[in-house]
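>
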Ligand code: SF4
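Chains as they are written, first to last, in the working numbering: chain A, 3 to 773; chain B, 54 to 129.
Listed below in C-alpha cells is the structure:
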C-alpha cells in the first residue's frame, strides 16, 4: 500500500474514534486532533448493518474498485454510535476466503460436481415436484435462518406456505429465540421488546441474566460501561451459571445452579411483595394474573405434543404460591445466598432506581424458557419498571435478523407475516397479498425445528432446502439428525458460501451472495430495520438467496406470485411485505426511508419511530394516560404463576457434571465465516472445555491436556482450559460450539421447552476422562 | 497490514499514565481527550504476527481498563 493511501486509512481510523467519542461523551474535545481532509483516498463509504450479531451495529463499509477494503462504525447509527467489536471490524474479510463457493455443485456418484447454476436450479425444482407428487406437499421443507435477509425469508414463506401449501417452514432462530417469542406472547400478546438500546443510557442498574454480554453483545456492553463511567452510582450485576468476562467487569457476580433461575426469580418477587415494594397502582391498573399447566415434560420423544391451558388467577393466589420461594428456601435449591437474592430484590424494588434486565440464550435455551421469560417480566411488572426510559426487561437477540426475518416475517411453522396460520383472518390477509387461494394456506402448523429433523429421519420429510445455516453443527443430539439426513430417499439442497459439515449431507449446493454482495434488510433486537445496498459483486455464479427462491418458484409455475425483475426485486418485495404490518402497532418505514437512514425502529407512524412501546408518551398505538398493553384483549400485561421444575437431565453418578455450551467473542456461531478470518481464527483456533480447577485437580487434568467429554449420546475429545477466559463452578464444564472439528452437539440433548420448542443447549449431564 | 482505532478507557485516575504507556508502544499513536476520561488509540502494524503481539502487550497494561474498537482495516 502506498504511503498516501496508508496515511489516509490512519486518518480515517482516528476520525472514526473521534466520531464515536463525540457521540458517547457529548462535549468531548481532543486538542491534538486536526480534522484532516479524508475525501481523497479512493474509498467510498456505504452503510450496512453488521453481518454478525443481533445488536445490529451500523457499519460504514469502505469500497474501492469493487472490493470492500475497510470498516468503521457508523456514528449516525444510534445502536453503536460509531463503536464496533472485533467481529464487525473484520467482517469484510468473510467475503474473501479462498474456498468460497463460486459454482453450483451437484452430487453425482457420491461426489459434488460443478454444474451450471441454472441446471442446478432446474434439478432443485424437479426434485421438489417429484417429492410432492410421490409423498405429498408436506414432504418438502425449508430450513432458514436468523441470518436470512428479510426478502429471503419472505420469499421462502410465500413459496412454501402460500404457493405449495405446506407449513414446513422453520429457521434456526427456533434454536435461539423461540422462548423469547413465547415469553412475549404469553406476557404481553405481542412479540419483541418494548424498550430500546437508549435504555442503556438511562438505567441505574443492569442485571444480566445468564447473558455474557461482554462477549456476545460487546458493543452494548461497551455502552453500559460508558454509562457507568459517566455516572458513578450505576451498577452492573451479573447473574449467571459461570464466571465470564461479563462477571469480571460487573460490580457483583452471582452464580446460580443451572435451571434454578426459575426459583430465584420467584424469590425476588417474594421479597418485593414482603417488603411492600410493589407498585400497587401499576399492578391494579395494568396487570392481570394467570397460571398454566405444570409438569409439562421435555419433548425428548418423537411426536411430543403440548398445549398450555391458560387460567385466570389473582394476586392472593400468586402471593400464596410464592410462599414456597422464600430466599432461604431458594438458597437451598439454587446455591445463591439468601442475602444476594434480597440484594437483587432491593435493587428492583427501589423506587428511585431505573433497572434494565438483559438476557439472551441463557434464558431462552432452557427447557422452561417460556417460563423464565415470564418470571423476569413478573419482576418488572410488580414494580412497574417497564416501558419507560431505563426501565426495561430486554430480551436480546443473537442473530442479525432473528427479529427482522424470523419473528417479523414469520418464518416458523405456525406463523404468517402477520398473525398465525391457525387464524382465519391472518390466512385471508396473506392469501390476498400473495395472490393465492386462501385454501392454499394450511391452518395447521406442521413441524418445529427439532421435530422437522426427526421427520426427515423418519422419512415423513423427503426434501429439505437449507439456507444460511449449518444444522450439522448446531442441532442438539446431532448424530441422530446427521444419520437421518443421510438416509436413502432424502434430498438436501444447501444455499451456502463456504463448505461446512452441512455440505456433507447436501445433494445440491447453490453458491450464495453474502451480505453486501446483495441488497437486503436486517431487523435487530430493538425493532430496528436496517437496509444495505449491493456494494460489491458476488464471486462466480453466486446468487442472492432471494433470487434463488424466485428462480425455483417460477420453475414450479408460480410466475404470477414471483413476477419481479432483477433490477428492483428487493424494493418490490419490501413494498409487498410491509402491507402485512400496515397498522399503528407495527407499521414499518418505506424503502426510501430505509435507504436514506441508518435504521428505523417500528412502529414507524407519521414519520416517528417508537422507542418505548405500550407507553402513550412514546407509542402512538397506546391509548390513555398510563400504560396500555394493547397486545392483550383487556389491555393488561400478565403476571404468570410458574414454578421451578428441574432440568430434563442432570448430573448423576455415571455422568456427574453439567455441560453448558455457548459462544465466544471472536467467532460467529459455527465459525464458518469467522474461522476464515486469519486474525479471529488465530485468536481462538479450536474449541476447548473449560473445567473448574477443583474438578481438574481431582481428575489429574492440567491446562492444555486432552480430555474426553461424554454423555449418553456421544463424546468429543478436546483440550482442557483451566482458569481461561471463563470459569465454570465446581461440577460444570463449558464448551463453545464454534468448532466443526469438535462437535459438542453430538453430546448435547434434544430436550426443549414444551411451549416454545426451543432446545436447551445449556444443561445436560456429562463425564470427563483423560484422553 | 492492519490499521485499527479504539476508544481506550483508563482505570480510575490513570489517563495520563495510560497515554504514556500507549505512546511508548511501537505501532501505536495515542491521543488524550482534554475533558473526559478517555483516549484514542490508533494502531498500525506491518503484519498479523505483529498485530497479535501488540494485542498481547495491550492486555498487560495496568493503566488500561478496556478498549472499544471504532475502525478496522486489513490489506487482505
Ligand atoms: S457487537 Fe455484534 S453487531 Fe456490533 S460489530 Fe460486534 S458482531 Fe457486529
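Where a beta carbon is used, it is the ideal one built from N, C-alpha and C, also for glycine.
For residue 460 of chain A, count neighbouring Cβ atoms within 10 angstroms of its own Cβ and tell me buried if that reaches 16, exposed if not.
As a first step, residue 460 of chain A must be located in the first chain, where it is residue number 458. Per the 10 Å Cβ criterion, exposed.
> According to DSSP, simplified to helix, strand and coil, what is residue 240 of chain A?
The residue labelled residue 240 of chain A in the question sits at position 238 within the first chain. If DSSP states are grouped into helix, strand and coil, residue 240 of chain A belongs with the strands.
> Could you check which residue in A/512, A/626, A/575 has the C-alpha nearest to that of residue 798 of chain A?
Limits of chain A in this structure are 3 at one end and 773 at the other, which puts residue 798 of chain A out of reach.
> Flag this pair as touching only if the region 109–127 of chain B and the region 54–63 of chain B have three or more C-beta atom pairs under 8 Å; answer yes or no.
Contact holds: three or more Cβ-Cβ distances are below 8 Å.
> For residue 805 of chain A, does the three-state DSSP call read helix, strand or coil?
Residue 805 of chain A lies beyond the range of chain A shown here (3 to 773); nothing can be said about it.
> In angstroms with no decimal places, state the Cα-to-Cα distance between residue 703 of chain A and residue 729 of chain A.
For this step, residue 703 of chain A is matched to residue 701 along the first chain. For this step, residue 729 of chain A is matched to residue 727 along the first chain. If I take the Cα positions, the gap works out to 15 Å.
> Cβ-heavy atom distance between residue 524 of chain A and the ligand SF4 below 7 Å?
In the first chain, counting from the first residue as 1, residue 524 of chain A sits at position 522. No, since every heavy atom of the ligand SF4 falls outside the 7 Å radius drawn around the Cβ of residue 524 of chain A.
> Just by C-beta distance, which residues in the region 76–87 of chain B are closer than 7 Å to chain A?
So the close ones are 84, 86, 87.
> Run the CB neighbour count on residue 532 of chain A, radius 10 Å, all protein chains shown included, and call it buried at 16 or more, exposed below.
The sequence position of residue 532 of chain A within the first chain is 530, counting from 1. Flag for residue 532 of chain A reads buried.
> Check the C-beta distance from residue 146 of chain A over to residue 155 of chain A and give it rounded, since I have them as a contact under 8 Å.
By one-based count along the first chain, residue 146 of chain A stands at place 144. By one-based count along the first chain, residue 155 of chain A stands at place 153. At roughly 6 Å, the Cβ-Cβ gap stays under 8 Å, so residue 146 of chain A and residue 155 of chain A are in contact.
> Under 8 Å between the Cβ atoms of residue 222 of chain A and residue 372 of chain A?
Numbered from 1 along the first chain, position 220 holds the residue referred to as residue 222 of chain A. Numbered from 1 along the first chain, position 370 holds the residue referred to as residue 372 of chain A. The answer is no: Cβ separation not under 8 Å.
> Going by the CB atoms, is the gap between residue 481 of chain A and residue 303 of chain A shorter than 8 Å?
Counting from one through the first chain, the residue named residue 303 of chain A turns up at place 301. Counting from one through the first chain, the residue named residue 481 of chain A turns up at place 479. No. Outside cutoff.
> Just by C-beta distance, which residues in the region 221–252 of chain A are closer than 7 Å to chain B?
Flagged, chain order: 224, 227, 231.
> Under 8 Å, Cβ to Cβ, is there at least one residue of chain B near residue 667 of chain A?
Here residue 667 of chain A refers to the residue found at position 665 of the first chain. Output row for residue 667 of chain A: interface = no.
> With residue 46 of chain A as the anchor, note down where its beta strand (DSSP E) starts and where it stops.
Taking the first residue of the first chain as position 1, residue 46 of chain A is located at position 44. Taken as a continuous stretch (DSSP letters only), the beta strand (DSSP E) holding residue 46 of chain A covers 46–51.
> Can you say whether residue 339 of chain A is buried or exposed, counting buried as having 16 or more other CB atoms within 10 angstroms of its CB?
Here residue 339 of chain A is taken as the residue at index 337 of the first chain, counted from 1. With fewer than 16 Cβ atoms within 10 Å of its Cβ, residue 339 of chain A is classed as exposed.
> I want to see whether chain A comes within less than 8 Å of residue 58 of chain B, judged by CB atoms only; does it?
In the second chain, residue 58 of chain B corresponds to position 5, counting from 1. Chain A contact via Cβ: present.
> Of all the options A/313, A/273, A/321, which has the alpha carbon lying nearest to the alpha carbon of residue 329 of chain A?
Within the first chain, residue 329 of chain A is the residue found at index 327, counting from 1. Nearest C-alpha to residue 329 of chain A: A/273.
> Exposed or buried, what is residue 415 of chain A when buried is set at 16 or more other beta-carbons lying within 10 Å of its beta-carbon?
Reading the first chain from its first residue, position 413 is the one you call residue 415 of chain A. Buried, since its Cβ has 16 or more Cβ neighbours within 10 Å.
> Between residue 721 of chain A and residue 763 of chain A, is the Cβ-Cβ spacing less than 8 Å?
Indexing the first chain from 1 puts residue 721 of chain A at position 719. Indexing the first chain from 1 puts residue 763 of chain A at position 761. No, these two residues do not count as a Cβ contact at 8 Å.
> If distances are taken between C-alpha atoms only, which option among A/84, A/735, A/265 comes closest to residue 375 of chain A?
Residue numbering aside, residue 375 of chain A sits at position 373 when the first chain is read from its first letter. Among A/84, A/735, A/265, the Cα nearest to that of residue 375 of chain A is on A/265.
> Mind checking who residue 155 of chain A pairs with in its DSSP beta bridge?
One-based indexing of the first chain puts residue 155 of chain A at position 153. None; residue 155 of chain A has no bridge partner.
> Return yes when the C-beta of residue 89 of chain A is under 7 Å from any heavy atom of the ligand SF4, and no when it is not.
Here residue 89 of chain A corresponds to residue number 87 of the first chain, with the count starting at 1. Checking the Cβ of residue 89 of chain A against the ligand SF4 gives yes.
> Listed in chain order, which residues of the region 473–507 of chain A have Cβ atoms closer than 8 Å to some Cβ of chain B?
Listed by position along the chain: nothing, the set is empty.
> Alpha carbon to alpha carbon, how far is residue 87 of chain A from residue 743 of chain A?
For the purposes of this step, residue 87 of chain A is identified with residue 85 of the first chain, where counting begins at 1. For the purposes of this step, residue 743 of chain A is identified with residue 741 of the first chain, where counting begins at 1. Cα to Cα, residue 87 of chain A sits roughly 26 Å from residue 743 of chain A.
> Residues bridged to residue 97 of chain B by DSSP?
Locating residue 97 of chain B in the second chain gives position 44, counting from the first residue. B/56, per the DSSP bridge assignment.
> Any idea if residue 410 of chain A is buried or exposed, counting beta-carbon neighbours within 10 angstroms, 16 or more meaning buried?
For the purposes of this step, residue 410 of chain A is identified with residue 408 of the first chain, where counting begins at 1. Flag for residue 410 of chain A reads buried.
> Using 8 Å for Cβ pairs, my map puts residue 493 of chain A next to residue 133 of chain A. What's the rounded Cβ distance?
For the purposes of this step, residue 493 of chain A is taken as residue 491 along the first chain, with counting starting at 1. For the purposes of this step, residue 133 of chain A is taken as residue 131 along the first chain, with counting starting at 1. At roughly 7 Å, the Cβ-Cβ gap stays under 8 Å, so residue 493 of chain A and residue 133 of chain A are in contact.
> Between residue 681 of chain A and chain B, is the shortest Cβ-Cβ distance under 8 Å, so that the two count as touching?
Translated into the one-based positions of the first chain, residue 681 of chain A becomes position 679. Chain B contact via Cβ: present.
> Relative to the C-alpha of residue 262 of chain A, which candidate in A/52, A/337, A/280 has its C-alpha closest?
Walking along the first chain from the start, residue 262 of chain A turns up at place 260. When only C-alpha atoms are compared, the closest one is A/337.
> Apart from the five residues on each side of it in sequence, which residues of its chain come closer than 7 Å, Cβ to Cβ, to residue 438 of chain A?
Your numbering for residue 438 of chain A matches position 436 in the first chain. Same-chain partners within the cutoff: 164, 165, 563.
> Could you compute how far the alpha carbon of residue 199 of chain A sits from the alpha carbon of residue 20 of chain A?
Counting from 1 along the first chain, the entry for residue 199 of chain A is found at position 197. Counting from 1 along the first chain, the entry for residue 20 of chain A is found at position 18. So the two alpha carbons sit approximately 21 Å from each other.
> Return no unless some Cβ of chain A is closer than 8 Å to the Cβ of residue 101 of chain B.
Within the second chain, the letter at position 48 stands for residue 101 of chain B. So yes, residue 101 of chain B belongs to the interface.
> For residue 817 of chain A, which residues in the same chain have their Cβ closer than 7 Å to its Cβ, ignoring the five residues on either side in sequence?
In this structure chain A extends from 3 to 773, so residue 817 of chain A is not present and cannot be described.
> Would you please verify whether the beta carbon of residue 199 of chain A is less than 8 Å from any beta carbon of chain B?
For this step, residue 199 of chain A is matched to residue 197 along the first chain. Not an interface residue.
> Would you decide whether residue 161 of chain A is buried or exposed? Buried here means 16 or more other CB atoms lie within 10 Å of its CB.
What you label residue 161 of chain A is simply residue 159 of the first chain in a count that begins at 1. It counts as buried.
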